[in-house]
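Q:
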Amino acid sequence: MARNENGRIALVTGASRGIGKAVAARLAADGLFVVGTATSDDGVRAIDAHLGGTGAGVRLRLDDDASVEAAVQRANDQFGAPVVLVNNAGTTSDGLLMRMSPDAWGTVLETNLTGLYRITRPLLRGMTRARWGRIVNLSSVVARMGNAGQVNYAASKAGVEGFTRALAQELGSRHITVNAVAPGFIDTDMTSDLPDFQKQAMVVRTALGRMGTVEDVAAAVSFLAGDGAAYITGEVLHVNGGLYSG
Numbered sequence: 002m003a004r005n006e007n008g009r010i011a012l013v014t015g016a017s018r019g020i021g022k023a024v025a026a027r028l029a030a031d032g033l034f035v036v037g038t039a040t041s042d043d044g045v046r047a048i049d050a051h052l053g054g055t056g057a058g059v060r061l062r063l064d065d066d067a068s069v070e071a072a073v074q075r076a077n078d079q080f081g082a083p084v085v086l087v088n089n090a091g092t093t094s095d096g097l098l099m100r101m102s103p104d105a106w107g108t109v110l111e112t113n114l115t116g117l118y119r120i121t122r123p124l125l126r127g128m129t130r131a132r133w134g135r136i137v138n139l140s141s142v143v144a145r146m147g148n149a150g151q152v153n154y155a156a157s158k159a160g161v162e163g164f165t166r167a168l169a170q171e172l173g174s175r176h177i178t179v180n181a182v183a184p185g186f187i188d189t190d191m192t193s194d195l196p197d198f199q200k201q202a203m204v205v206r207t208a209l210g211r212m213g214t215v216e217d218v219a220a221a222v223s224f225l226a227g228d229g230a231a232y233i234t235g236e237v238l239h240v241n242g243g244l245y246s247g
C-alpha cells in the first residue's frame, strides 16, 4: 500500500480483535489512515481485510525491540509518521501471587508496561516535528479497584496511568496530549469465556446494569484522539458503566 500523504495517521496496537479492532475501525471512520498491529501474520491479514483502503496491518511484538523497530520503520517509510498512537495491546497471566511464577509476572509487565515505552518513544519524533499529537493508553478499571488473581495485570495498568500522567507533563508544550482510557467489564472474546455466573455478578455490580461494548471504549478513544480534546491531557477516562468511581 502506498504512502499516505493526506490526513493524519494513527497507529493502533493490538488491532486484530476486540477493543483494538473497534478502535481502529472508529478512527478510520473519523478520517484517519490507521496502521494496526498484530503479533501474527493471520492477525495482520485480518486487519487488512477489516480496514480495506482506510488502513493496513503491520506485525509487531511489544516484547521484542527488533520487532518494534521494524514496525515503526515500516509505518514511517510506507505510510508516513503516525501522529495518533493508541496503546491497546496487552496480555494477562492470571493467578494468585503466592503461586505466580516469575514468567507470569515478567511477561505481563514486559508487554503491558515496558512495551508501552518501546512503541511510544520512537513515535515521539514525528509528533514533535508535526507540533501535534495524541497518545491514548488503554488502562483498566482494575488499576484503581484491584482484582484478586490479577496482581501483575493491575500493577501493569497502574503503571500505565503513571506513565500517562508523567508523559503528559513532558509533551504539553509541544501540543501533544497524553491520556488513558480505563475500560470496565467489556464484552470481548476474553470475557466471553467466563462462566455465566461470573458475568452476572459483574453486571449486578455495574450501575448501568450491562456489560460495556467495544464500541463504548472506541468512542472514548475517538474523542481523546480528536481536536475536541485539545485541552485535556494527563487524564484517565473511565468507561465502566459505574462499576467503579474514584
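Heads up, the sequence shown stops at 247 in the working numbering, and the numbers go up one at a time, no gaps. Built from N, CA and C at the ideal position, the CB exists for glycine as well.
(1) Could you pull the start and end residues of the alpha helix (DSSP H) that N241 belongs to?
(2) Whole angstroms is fine: what's the gap from G37's alpha carbon to A169's?
(3) Distance, Cα to Cα, W133 vs T214?
(4) Does the distance from the CB of V161 to the CB of N138 come in under 7 Å?
(5) Out of curiosity, what's the CA-to-CA distance linking T129 and L195?
(6) Using CA atoms only, rank isn't needed, just tell me which of T92, G56, L61, M101 is closest to G81.
(7) Do you know how far the Cα of L98 is from the Cα of F34?
(8) Taking F186 as the reference, which of N88, G53, G242 has the closest Cα?
(9) Judging by CA-CA distance, which residue of S102, T178, G147 is the nearest neighbour of A131?
(10) If you follow the beta strand (DSSP E) that I187 is part of, which residue opens it and which one closes it?
(11) Just how far apart, CA to CA, sit G91 and L124?
(12) Could you pull the DSSP bridge partners for G53 from this structure?
(13) Looking at C-alpha atoms only, which residue of S68, F224, P184, D228 is the closest neighbour of T207?
(14) Leaving out five residues on either side along the sequence, give the residues of the same chain with a beta carbon under 7 Å from the beta carbon of A159.
(15) To the nearest angstrom, how far is it from the Cα of M212 to the Cα of L172?
(16) Measure the C-alpha to C-alpha separation of A226 and V152 and round it to an integer number of angstroms.
A: Judging by the given coordinates:
(1) Sequence index remark: in the sequence shown, residue 241 carries index 240 (1-based). It is not in any alpha helix (DSSP H) - N241 carries neither H nor E in the DSSP assignment.
(2) If you number the sequence shown from 1, residue 37 lands on position 36. If you number the sequence shown from 1, residue 169 lands on position 168. Distance between the alpha carbons of G37 and A169 is about 24 Å.
(3) One-based indexing of the sequence shown puts residue 133 at position 132. One-based indexing of the sequence shown puts residue 214 at position 213. Cα to Cα, W133 sits roughly 30 Å from T214.
(4) Looking up residue 161 in the sequence shown gives position 160. Looking up residue 138 in the sequence shown gives position 137. Closer than 7 Å, so yes.
(5) Start at 1 with the first residue of the sequence shown, and residue 129 comes out as number 128. Start at 1 with the first residue of the sequence shown, and residue 195 comes out as number 194. If I take the Cα positions, the gap works out to 43 Å.
(6) For the purposes of this step, residue 81 is taken as the residue at position 80 of the sequence shown. It is G56 whose Cα lies nearest to the Cα of G81.
(7) In the sequence shown, residue 34 corresponds to position 33, counting from 1. In the sequence shown, residue 98 corresponds to position 97, counting from 1. Their Cα atoms are separated by approximately 42 Å.
(8) Start at 1 with the first residue of the sequence shown, and residue 186 comes out as number 185. Taking only the C-alpha atoms, the option nearest F186 is G242.
(9) Walking along the sequence shown from the start, residue 131 turns up at place 130. Minimum Cα-Cα distance from A131 among the listed residues S102, T178, G147 corresponds to T178.
(10) In the sequence shown, counting from the first residue as 1, residue 187 sits at position 186. Unbroken run through I187: none, as it is neither H nor E.
(11) Walking along the sequence shown from the start, residue 91 turns up at place 90. Walking along the sequence shown from the start, residue 124 turns up at place 123. Just so you know, the alpha carbons of G91 and L124 end up roughly 19 Å apart.
(12) Here residue 53 is taken as the residue at index 52 of the sequence shown, counted from 1. The partner list for G53 (beta bridge, DSSP) is empty, contrary to what the question assumes.
(13) Within the sequence shown, the letter at position 206 stands for residue 207. The shortest C-alpha separation from T207 is found at P184.
(14) Locating residue 159 in the sequence shown gives position 158, counting from the first residue. Counting only Cβ-Cβ distances below 7 Å, and skipping sequence neighbours, we find A144.
(15) Here the question's residue 212 lines up with position 211 in the sequence shown. Here the question's residue 172 lines up with position 171 in the sequence shown. Answer to the nearest angstrom: the Cα atoms are 35 Å apart.
(16) Reading the sequence shown from its first residue, position 225 is the one you call residue 226. Reading the sequence shown from its first residue, position 151 is the one you call residue 152. Going by the C-alpha atoms only, they are around 30 Å apart.
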